[in-house]
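All remarks here apply to the structure that follows.
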Amino acid sequence: MNTRLRIGLLGKIFIGMAAGVAFGYMAPFWLGRLFATFNYVFSQFLGFLIPLIIVGFVAPAIAELGERAGKMLVFTAALAYAATLIAGFCAYFTADSLFPDMLAGQYMAASATESLNAPAPYFTIDIPALVPVTTALVLAFMVGIGCAFIKETTLKNAVFEFRTIVSKTIMKGVIPLLPYYICGIFLTMAMEGKVGAILTAFSKIIVVIFVLHVGILVAQYCIAAIFFRRNPFRMLWTMMPAYFTALGTQSSAATIPVTLRQSIAMGIDKDIAGFVVPLCATIHMSGSTLKIVACAIALMILQGIGYDFASVAEFIAMLGVTIIAAPGIPGGAIMASLGLLSGIIGFSDAQNAMMIALYIAMDSFGTACNVTGDGAIAAIVNSIFGKKI
Numbered sequence: 002m003n004t005r006l007r008i009g010l011l012g013k014i015f016i017g018m019a020a021g022v023a024f025g026y027m028a029p030f031w032l033g034r035l036f037a038t039f040n041y042v043f044s045q046f047l048g049f050l051i052p053l054i055i056v057g058f059v060a061p062a063i064a065e066l067g068e069r070a071g072k073m074l075v076f077t078a079a080l081a082y083a084a085t086l087i088a089g090f091c092a093y094f095t096a097d098s099l100f101p102d103m104l105a106g107q108y109m110a111a112s113a114t115e116s117l118n119a120p121a122p123y124f125t126i127d128i129p130a131l132v133p134v135t136t137a138l139v140l141a142f143m144v145g146i147g148c149a150f151i152k153e154t155t156l157k158n159a160v161f162e163f164r165t166i167v168s169k170t171i172m173k174g175v176i177p178l179l180p181y182y183i184c185g186i187f188l189t190m191a192m193e194g195k196v197g198a199i200l201t202a203f204s205k206i207i208v209v210i211f212v213l214h215v216g217i218l219v220a221q222y223c224i225a226a227i228f229f230r231r232n233p234f235r236m237l238w239t240m241m242p243a244y245f246t247a248l249g250t251q252s253s254a255a256t257i258p259v260t261l262r263q264s265i266a267m268g269i270d271k272d273i274a275g276f277v278v279p280l281c282a283t284i285h286m287s288g289s290t291l292k293i294v295a296c297a298i299a300l301m302i303l304q305g306i307g308y309d310f311a312s313v314a315e316f317i318a319m320l321g322v323t324i325i326a327a328p329g330i331p332g333g334a335i336m337a338s339l340g341l342l343s344g345i346i347g348f349s350d351a352q353n354a355m356m357i358a359l360y361i362a363m364d365s366f367g368t369a370c371n372v373t374g375d376g377a378i379a380a381i382v383n384s385i386f387g388k389k390i
């Protein structure tokens, strides 16, 4: 019997990182230039895709929400967005307090692919984006809101079909190449002797973010227990099957059946759970936002990039909207946030690549945090609207 070993995206990313480090210490300089060429072209392609990802994800998500307008929808959406914002700001204040001391002595003057000693590409191909990121966001809001209120279906169907095209492009044209892109980044860093500091910093960042995930979930269920009048830890324990399912699927959407079942087992009305859980699988992104913000702060500290509360607050506020509808794609949240990282934070292509590597290394834990938190939101919604259903 032939059995094929299936390696997930996380495994491929780790293999790419390990191969990049190994090749970086022994590979000839021409191989470094070859990877530099690939990385340059791939990063240009990513830059071209970023505005399309924003329009392709955000516009149809808003259109779909508008079709189910009502008080419970508005309340649930506002609650999910508030939870996402709180997670983002918790990550910011924690990272701002801990990371300067934790990452002291691991400062990198320049990103790996921007160093003067880095292997130069054999050739470059520029692929400019069709529109700036801000223009894409405004366009996505305008089209999404318009589709939510018009009765005609032509444009609405086109928006949904465009989302399918963007999703397929990511799944077939970006995700398979990400391990090679990450391999090229780490190969270059290894050739320059910077990889040790990066990996040490990565391990510290991952530990802090995992602890933050646990803290966020405990806080969410303690708040939900005030409304739902149940033991918060018993509620959280009931949702653990959804948590561990998400660790395996790495997809909020794929975990919906288990999240729905456990929410009902927790005592939530079946109709309310059936409404809130699928909706929150799309719009509640506490775990993903927490990871992205913490990783961004860590990377800015590592590379001596200045930041202030106002710019980070703007980033968090926009992030909570931009990454909606991304949960169906492994790593979709970080892909959707690249435009904000470049436009608001000022990250380069190389820094965005580091963000991708950091994020995907913890992708399953962020997804698990998202779906488990959906149960807390459903409990609060049930306490407000349960008697009216």
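To convert, note that position 321 of the sequence shown is 322 in our numbering; the numbers rise steadily by one, no gaps. Where a beta carbon is used, it is the ideal one built from N, C-alpha and C, also for glycine.
I176 versus Q221: straight-line alpha-carbon distance, rounded
Rounded to the nearest whole angstrom, the C-alpha separation of I176 and Q221 is 32 Å.
Considering just the uninterrupted stretch of the alpha helix (DSSP H) at M236, what are its terminal residues?
For M236, the enclosing alpha helix (DSSP H) starts and ends at 233–239.
Rounding to the nearest angstrom, what Cα-Cα distance links I335 and T246 in this structure?
Rounded to whole angstroms, the gap between the alpha carbons of I335 and T246 is 21 Å.
Sort M355, I345, I171 by Cα distance to Q304 and report the nearest one.
Here the closest residue by C-alpha is M355.
Which residues in the same chain have their Cβ closer than 7 Å to the Cβ of K1, if we skip the five residues on either side of it in sequence?
Limits of the chain in this structure are 2 at one end and 390 at the other, which puts residue 1 out of reach.
Tell me the rounded alpha-carbon separation between M301 and I265.
For M301 and I265, the distance between alpha carbons rounds to 42 Å.
Mind listing, in chain order, the continuous alpha helix (DSSP H) runs of no fewer than 4 residues lying wholly within the stretch 159–187?
Listed in chain order, nothing qualifies, since the stretch 159–187 has no complete alpha helix (DSSP H) run of 4 or more residues.
Any 3 or more C-beta pairs closer than 8 Å across the stretch 32–51 and the stretch 179–192
Cβ pair count under 8 Å is three or more, so yes.
Flag this pair as yes or no: are the beta carbons of F161 and P61 separated by less than 8 Å?
Contact annotation: F161 and P61 have beta-carbon atoms nearer than 8 Å.
What is the rounded straight-line gap between the Cα of S44 and the Cα of D350?
The alpha-carbon of S44 is positioned some 6 Å away from that of D350.
So what does DSSP say about I378, is it helix, strand or coil?
Under the three-state reduction of DSSP output, I378 falls in the helix class.
What whole-angstrom Cβ distance do K157 and A78 have, given they're in contact under 8 Å?
Contact doesn't hold; Cβ gap of about 19 Å is too wide.
Quick one: what does DSSP say L303 is sitting in, helix, strand or coil?
Three-state result, L303: helix.
For chain D, check one thing: does any of its Cβ atoms lie closer than 8 Å to the Cβ of L261?
Structure shown: chain D not included; a single protein chain is present.
For V219, is the classification buried or exposed, using 16 other Cβ atoms within 10 angstroms of its Cβ as the cut-off for buried?
Burial call: exposed.
Would you mind stating whether I146 and F49 have Cβ atoms separated by less than 8 Å?
No.
If we count the other Cβ atoms within 10 Å of its Cβ and call it buried at 16 or more, is G347 buried or exposed?
Classified as exposed, G347 has fewer than 16 neighbouring CB atoms from the shown chains inside 10 Å of its CB.
Given this structure, state the Cα-to-Cα distance separating C370 from P29, to the nearest angstrom.
If you take the alpha carbons of C370 and P29, they lie about 43 Å apart.
Can you tell me which of the three DSSP states A70 falls into?
Here A70 scores only 48 on pLDDT, less than 50, and its place in the model should not be relied on; the value that follows carries that caveat. Secondary structure of A70 (DSSP, three-state): coil.
Do M18 and A299 have their beta-carbon atoms positioned less than 8 Å apart in this structure?
Not a contact, by the Cβ cut-off of 8 Å.
Whole-angstrom Cβ separation of C296 and D375, contact assumed at under 8 Å?
Not quite, the Cβ-Cβ distance comes to about 23 Å (not below 8 Å), so this is no contact.
If T290 and T85 are in contact, beta carbons under 8 Å, what's the gap, nearest whole angstrom?
Rounded to the nearest angstrom, the Cβ distance from T290 to T85 is 5 Å, consistent with a contact under 8 Å.
Identity of the residue in H214, V56, F228 nearest V132 by Cα:
Just measuring C-alpha positions, the residue of H214, V56, F228 sitting nearest V132 is V56.
Backbone secondary structure at G17 - three-state DSSP:
G17 falls in the helix class under three-state DSSP.
What residue range is occupied by the uninterrupted alpha helix (DSSP H) comprising V277?
According to the DSSP assignment, V277 belongs to the alpha helix (DSSP H) that extends over 271–284.
Quick check: T373 and Y244, are their CB atoms within less than 8 Å of each other?
Closer than 8 Å, so yes.
For M356, does the three-state DSSP call read helix, strand or coil?
Correct three-state label for M356: helix.
If you follow the alpha helix (DSSP H) that G340 is part of, which residue opens it and which one closes it?
Bounds of the alpha helix (DSSP H) holding G340 are 333–341.
With 16 as the cutoff for other CB atoms within 10 Å, does G21 come out buried or exposed?
By the C-beta density criterion, G21 is buried, having at least 16 other C-beta atoms within 10 angstroms.
When you compare each of F276, N353, F316, A380 to A92 by their alpha carbons, which one comes out closest?
Nearest C-alpha to A92: F316.
Determine the contact status of N353 and L342, defining contact as a CB-CB distance below 8 Å.
Going by C-beta atoms, N353 is nearer than 8 Å to L342.
Separation of A225 from W238, as counted between CA atoms
In a straight line, the C-alpha of W238 is about 14 Å away from that of A225.
Cβ neighbours of L117 in the same chain (closer than 6 Å, five flanking residues each side left out):
In this predicted model, L117 has a pLDDT of only 46, less than 50, meaning its place in the structure is not dependable enough to derive any value.
Please determine, among L99, V42, R164, the residue with the shortest C-alpha to C-alpha distance to V59.
Minimum Cα distance to V59 is reached at R164.
How big is the Cα-Cα spacing for G25 and F100?
If you take the alpha carbons of G25 and F100, they lie about 28 Å apart.
Which class does L104 belong to by DSSP, given the choice of helix, strand or coil?
Coil.
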